[in-house]
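Numbering (the working numbering), first residue to last: 387 to 647. Below is one structure, written out as structure tokens, with a few remarks after it.
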């Protein structure tokens, strides 16, 4: 099939009928810049996508239900999930679409068993936290770190057999990346403590952004904020329950991060 025809089919059969969802995806979670290459990769994993389509509905019901019970959310409306096929950007995210908060899973990046459950538990925790937290939450480094720590704790509870890499490498990182995070942790921890109150997009990007979106200038591994969140999560859950943490206001959360980091 000619490239122009293939792109036209993507537009007519997939993107246009799902315009609102994909507009949200392309604003910060995926890219149209190399759609042709993404379509090539999707063609190559077509059997896996069919498998994901078969297993994901039941997996979502199972994992989301367990996470909701852990957080005390099981008496409320279930956290809504959308599974879409993207362009190999983010693997999972939570955002507002049409005034409604939705959690997303990218089918092309869903990990294999049992890490798939960990990813869903991670994103479910974000959805619950966004609904249960109190106060005025701003996009600052310390609060982002706390949010990710809650999600990391949720993922590890769902998959206690998962390795550290399984829990933090939803961006496709490898053992070398994890080793670099571990080796640089002492210095990065100091840098993090210095910017906990920062809302500078550069600081947030240095610690949490994917490589293609990361600002220049950082001397430590990309997305090391997620490694930091795992370290923090393991400290937090020894002192307080997830049910309690999700209801904290920003001041309480920041004080706790500063104490435990």
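Where is the CB? At the ideal position from N, CA and C, for every residue including glycine. This one's a predicted model, so the numbers in the text were calculated from it and none came from an experiment.
- Taking a 10 Å sphere around the C-beta of residue 454, we find 16 or more other C-beta atoms and assign the residue as buried.
- Residue 583 counts as exposed, since fewer than 16 other beta carbons sit within 10 angstroms of its beta carbon.
- Taking the CA atoms as reference points, residue 645 sits about 29 Å from residue 562.
- Taking all protein chains shown into account, residue 427 has fewer than 16 neighbouring C-beta atoms within 10 Å of its C-beta and is therefore exposed.
- Scanning 605, 552 and 592 for the CA closest to the CA of residue 570 turns up 605.
- Between the beta-carbon of residue 578 and that of residue 614 there is about 6 Å, and that keeps the pair under the 8 Å contact cut.
- In the three-state DSSP reduction, residue 565 falls in the helix class (H, G or I).
- Per DSSP, the beta bridge partners of residue 480 are 489.
- By the criterion of a C-beta distance shorter than 8 Å, residue 603 is surrounded in its chain by 588 and 592, once the five residues flanking it on both sides are discounted.
- Taking C-beta separations shorter than 8 Å and ignoring five residues to either side along the sequence, the partners of residue 486 in its chain run 466, following chain order.
- About 7 Å separates the CB atoms of residue 540 and residue 510; that is less than 8 Å, so the two are in contact.
- For residue 469, DSSP records a beta bridge to 491.
- The beta carbons of residue 471 and residue 436 sit no closer together than 9 Å.
- Under the three-pair Cβ rule at 8 Å, the segment 409 to 420 does not count as touching the segment 500 to 514.
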